[in-house]
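>
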Amino acid sequence: MTADGADQTAEMLIHLARLAQSGGGDLTSAQWTALRFFARANRFSRTPSAFSQFHATTRGTASQTVKSLVAMGLLERHRSDTDGRSVRYDPTPAGHAALRRDPLMALVNALARLPDEDREKLRRSLAAAAGEVAEARETARFGTCDDCAHLEATQDEGGYCRCAASMLSPEELGALCVDFGPRTASG
Numbered sequence: 005m006t007a008d009g010a011d012q013t014a015e016m017l018i019h020l021a022r023l024a025q026s027g028g029g030d031l032t033s034a035q036w037t038a039l040r041f042f043a044r045a046n047r048f049s050r051t052p053s054a055f056s057q058f059h060a061t062t063r064g065t066a067s068q069t070v071k072s073l074v075a076m077g078l079l080e081r082h083r084s085d086t087d088g089r090s091v092r093y094d095p096t097p098a099g100h101a102a103l104r105r106d107p108l109m110a111l112v113n114a115l116a117r118l119p120d121e122d123r124e125k126l127r128r129s130l131a132a133a134a135g136e137v138a139e140a141r142e143t144a145r146f147g148t149c150d151d152c153a154h155l156e157a158t159q160d161e162g163g164y165c166r167c168a169a170s171m172l173s174p175e176e177l178g179a180l181c182v183d184f185g186p187r188t189a190s191g
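Numbering of the sequence shown is given in this note's numbering, commencing with residue 5 and proceeding in unit increments.
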């Protein structure tokens, strides 16, 4: 037990996450996480390998989760336009409909009721903690394109990703990315 309450805060985060994932109907918590991930990830990150890194699980387990969502008609498989060996997964209309019944929405709604300043401070604090834990575990750090060091601003509202060597639309800037690199304090 730590005197500063960090251990209690960590336990509360785990409890809150489990509570928010409960009541998921026909989907397991891993399936909900996968469906959410594929709905929020950018086009370069909607792969079983990126999901396995995001979910901190093995590629085999991630692949089984993805296969189950495809079998349920919630995800669909697409061959890559640039590399015939790779595939990406996108939510189907049924997958998007399922996300409207996502048990995580109770937590989303509770957080939405926090004052804007508190919610933003919590978001930044949790992102920093997630980054530290990812670094300690030597695993990928996820974030959004609009907070990424690889993003180069363009004259339109989108941007250019130096890592993927590709233009990004304004809608893609808030997407999760497996190649995320946090901006430094100077950049």
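Note that beta-carbon positions come from the ideal geometry of N, C-alpha and C, so glycine has one too.
Because the structure is a prediction, the values reported are computed rather than measured.
Using alpha carbons as the reference points, say which of G163, R166 and A144 lies closest to L55.
The identity of residue 55 in the sequence shown is Phe, whereas the question assumes Leu. Minimum Cα distance to F55 is reached at A144.
> Does L155 pass the burial test, meaning 16 or more other C-beta atoms within 10 Å, or should it be called exposed?
It counts as buried.
> Output the boundary residues of the beta strand (DSSP E) element that contains M192.
With the chain covering only 5 through 191, there is no way to say anything about residue 192.
> Whole angstroms are fine: how far does the CA of G88 sit from the CA of H59?
For H59 and G88, the distance between alpha carbons rounds to 25 Å.
> Taking only three categories from DSSP, how would you classify A168?
In this structure, A168 counts as coil in the three-state DSSP scheme.
> Return yes when the Cβ of R50 is within less than 8 Å of the Cβ of R92, no when it is not.
Result yes, Cβ atoms of R92 and R50 sit closer than 8 Å.
> Please check the pair L78 and A102, which I expect to be a contact at CB under 8 Å, by giving their CB distance rounded to whole angstroms.
Indeed, because the Cβ distance is near 6 Å, the residues count as touching under 8 Å.
> In the DSSP assignment, find the unbroken alpha helix (DSSP H) run with D120 in it and report its ends.
Its alpha helix (DSSP H) spans residues D120 to A140.
> Can you tell me which of the three DSSP states G191 falls into?
Low per-residue confidence applies at G191: pLDDT is 46, beneath 50, and the placement is therefore not dependable enough to give any value.
> Rounded to whole angstroms, how far is the Cβ of A153 from the Cβ of G178, which I believe are closer than 8 Å?
The Cβ separation is near 16 Å, so there is no contact.
> Checking the sheet assignment: what are the DSSP bridge partners for A45?
In the DSSP output, where bridge partners are listed per residue, A45 has L180.
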